[in-house]
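As C-alpha cells, then:
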C-alpha cells in the first residue's frame, strides 16, 4: 500500500487520491493553498455573491443545512451574524440522535433565532431502507447521508430559495479533488458517486423487502427542470474561508457554549457527537471496508494544520483504529438483526485492496500505516498527543443511552 | 452555418478521471463512467476520453473502461491515449469509440495516420497536438508533455491535414487548468491555416472565455475539461450564455437557463422576486428510452 509522505492517507481512499513526484497526496497539495490564498479577497467574493442573493421581498435569503454538530454553529454564526443574511435552517433527522446532539441543536435554534425545518422520515421506512443498504453496500449511514444531502435541495426548490450554503466540501478537504480556486459548487454527480457510493434513491427500490418508490421519495433528488427553474446553487464555505474545524468549534464553545464529548474511536471531541454510531459502528465499518478509520482522517487533518507530527499521528492511529465500537446493541435492536448477521453482511464488503483471507479463513489486513511507526515511538504509552481538544462541562448529569427521535427543540432558560 | 460544438474532455490517469493543471498537477475527480454519464445528461455535443498515462507507461488503451464509458455515452465519443496501431484502433471502435485520437505515436510511425484514415475514413481520425508557448514562439510536445519535438508547429499541422486527419485537436499546455481563457492567437492561426475542423482545448474558466474563442477564431469546437466538474449543469449554462451572444450550439436538454440573469463572467445569479413568485411546478414524466 502506498501512503502519502506527509499525512496518513493510504492510496485506497474511497474518494481517490493522486500522488505527485514527491509522494505528496493531492489532499496535502491542495491543503497548502490554505496558507497561500489571500482570504480577504476570497471573503469579498463571498460577500458579493451573498449580496446578489439577498431577498428583496422579506423572504429567506438562503438555506443552511444543520445537524447541531459538525460546524453547524460556526456556519450559522457566519451567515446570520457576520454577513447579516436571513437563513432558513433545515435538518434531516438521522434517527441515531444522542441527547447531547439534540441539546446542541435546540440551543443552536435558540441562540441564533432562526426558522427551522426538520424532516423525520417514518422509522419503519428508514429501518427497511437501512436493511437494503446494509446488504447492498454495507452501510448503516446511507439514509443519513442521502437525507442530509437532499433535504436542503428539496427545500430550496419547494420554497424557491435558490442559494444553499454548505460547510466544508469533503472532496476538497480530504483528498484535494478540487482547488479552493475552483469555487466548486454542489452537484448531483458528486452526491451520487461519493456521498451515496453510487446508489441513488431510485436504485434501492426493492420488491423483496417491500421498498416502494413512495418510500424513497424523501431521498430523491429534485428534477433537473425544477432545479433550473429556481436556479438552485449550493456553495461551500470552505472555498471562501480558511477552514479549521477545531478552531471554529472552540470559538463556538467560548461564544455559545457548544458542548463537546469524548468519543470512542477518535480524539476529536467536537465533530459528529450528535450520533451514537458515527464514531462507533459506522467508523468501524469504514475500517472493515478500507482498512483504516476516521482516526486516520482526523490525524491527517491535524498533521496538515501542523498541530501533529507524522510520528505522533501514527501513534494515535494505532491507539484508536482497533478500539471496539460501543452502542452496537442499540443498532442491532433497532434494526432487528444479530451481531453475527451484521458481521456476515459486513464481511461481504471488505475491500480486496485492504484485506485478504488467511489459512484459517480469518481476515488479515494487507497493510497499515501503523506498520511504519519509528522505533521508540510505538511503545511510549505516556506520550499524550490529543491536540488539545477540549471537553466541556455537561449540561445534564445523566445522558440517555437510547436514540432520541425528537427532543425538545427550543431552550428558553 | 454549422453549429459550434461544445466538447467535454475526460482526462484519465491510472483509471481515474482527473483534473489537469499545466500537464503536471493532477487532482482526483472520480470514476470516468459517472463523469461521462452526467456530461451526457448535461447536453454536451461530444465527449473526448484521453488516457493520459497510457503512452508514458507503455500501456495499451484501457478497453474495458472505454466500453463502460461508451455505454454511458449517447453522444459521439472520441478516444485517445496509448494507441500505437491499426489494431488498437479497431479494438477501440469495437468498444464503442466513434472517433480515434492519435498524438504521440504519429512522431514514431510516419504512416500510421495515412493507414488509419484509409482503414476507417478521415471522419474517424482526430490528430491531436500538444502545444506550449515559450518566449513568444510555439513548440510541440508529446507523450503527455514529457518529450520536446523539433518539428515546427505550422508544418506539423499542415502535414497532419495532408496525411488524412479528419480533425485537429490543439491542446495548449500553457493554458491547461489556468482558467484564463483559450489561446486565441494560435487557435486562430491554425484554424485559418487548415481546411479541416479544429478543436481548441485549454484555459476555459468562465462562459465568457468560450464566447471570446468562438468570436476570435474559426475553430469548430471548444474542448473543456476541468470546468464541467465544478458546477451543476455547467454545459447547459454555458450553451445558453453562448446563445445570448449569438453563437449557435445544439441545445436539446429539457431545461436551458435562458431566462436567468447573469453576472459579467456569464455565471447565473438569482432571479428577481416576482419571477420566483410566479413559478409553478408540474409533474415530470420520467423519460425512458
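Protein chains in written order, with my numbering: chain A, 624 to 1036; chain B, -13 to 275.
Glycine residues also receive a C-beta, built at the ideal position from the N, C-alpha and C atoms.
The beta-bridge partner set that DSSP reports for residue 807/A is empty.
Rounded to whole angstroms, the gap between the alpha carbons of residue 91/B and residue 696/A is 57 Å. Rounded to the nearest whole angstrom, the CA to CA distance from residue 192/B to residue 165/B is 7 Å. Closest in alpha carbon position to residue 108/B, among 116/B, 98/B, 26/B and 115/B, is 98/B. Legend: CB atoms of the segment 656 to 682 of chain A lying less than 8 Å from CB atoms of chain B belong to residues 675, 676, 678, 679, 680 and 682. Chain A places no beta carbon closer than 8 Å to that of residue 58/B, leaving this residue out of the contacts.
By the Cβ-count criterion, residue 787/A is buried, with 16 or more other Cβ atoms from all chains shown falling within 10 Å of its own Cβ.
Taking 8 Å as the upper bound for CB-CB distance, residue 699/A and residue 689/A are in contact here, some 7 Å apart. Look at residue 641/A here: in three-state DSSP terms it is coil, with no helix or strand label. Look at residue 235/B here: in three-state DSSP terms it is strand. Within the segment 695 to 759 of chain A, complete beta strand (DSSP E) segments of at least 3 residues are found at 710 to 715 and 738 to 742, given in chain order. Taking 9 Å as the cut-off between beta carbons, the residues of the segment 10 to 24 of chain B near chain A are 10, 11, 12, 13, 14, 15, 16, 17, 20, 21, 23 and 24, in sequence order. Collapsing the DSSP output to three states places residue 902/A in coil. Rounded to the nearest whole angstrom, the C-alpha separation of residue 751/A and residue 825/A is 15 Å. The Cβ neighbour count for residue 1022/A, taken over all protein chains shown within 10 Å, is under 16; the residue is labelled exposed. Shown here for residue 1010/A: same chain residues with a beta carbon closer than 8 Å to its own, the five before and five after excluded, namely 869, 890, 925, 930 and 931 in chain order. When C-beta distances to chain B are compared with 9 Å, the residues of the segment 790 to 817 of chain A below that value are 794, 798, 799, 800, 801, 802, 804, 805, 806, 807, 808, 809, 810, 811, 812, 813, 815, 816 and 817, in chain order. Judged by DSSP in its simplified three-state form, residue 841/A adopts helix. In terms of Cβ geometry, residue 180/B and residue 147/B form a close pair [threshold 8 Å]. With 16 or more other CB atoms across the displayed protein chains lying within 10 angstroms of its CB, residue 815/A is buried. When DSSP states are grouped into helix, strand and coil, residue 157/B belongs to the strand group. By the beta-carbon neighbour count (other beta carbons within 10 angstroms, threshold 16), residue 982/A is exposed.
Within the same chain, 62, 63, 64 and 110 come within 8 Å of residue 84/B by CB-CB distance, once the 5 residues on both sides are set aside. Residue contact check for residue 772/A against chain B: no CB pair falls below 8 Å. One thing to note: residue 949/A has its Cβ no nearer than 8 Å to the Cβ of residue 994/A. Residue range 933 to 944 is occupied by the alpha helix (DSSP H) that includes residue 936/A, with no beta strand (DSSP E) assigned at that position. Bridge pairing for residue 5/B: 13/B [DSSP]. Between residue 228/B and residue 196/B, the CB-CB gap stays under 8 Å. DSSP places residue -9/B in the uninterrupted beta strand (DSSP E) bounded by -9 to -1. By the neighbour-count criterion, in which 16 or more other beta carbons inside 10 Å mark a residue as buried, residue 114/B falls on the buried side.
Going by beta carbons, residue 980/A and residue 882/A fall outside the 8 Å limit. DSSP, reduced to helix, strand and coil, places residue 76/B within a helical segment of the structure shown. The straight-line gap separating the alpha-carbon atoms of residue 840/A and residue 753/A is approximately 15 Å. The three-state secondary structure of residue 205/B, taken from DSSP, is coil. For residue 834/A, the closest Cβ of chain B is not nearer than 8 Å. Under the Cβ criterion of 8 Å, residue 271/B is not counted among the residues facing chain A.
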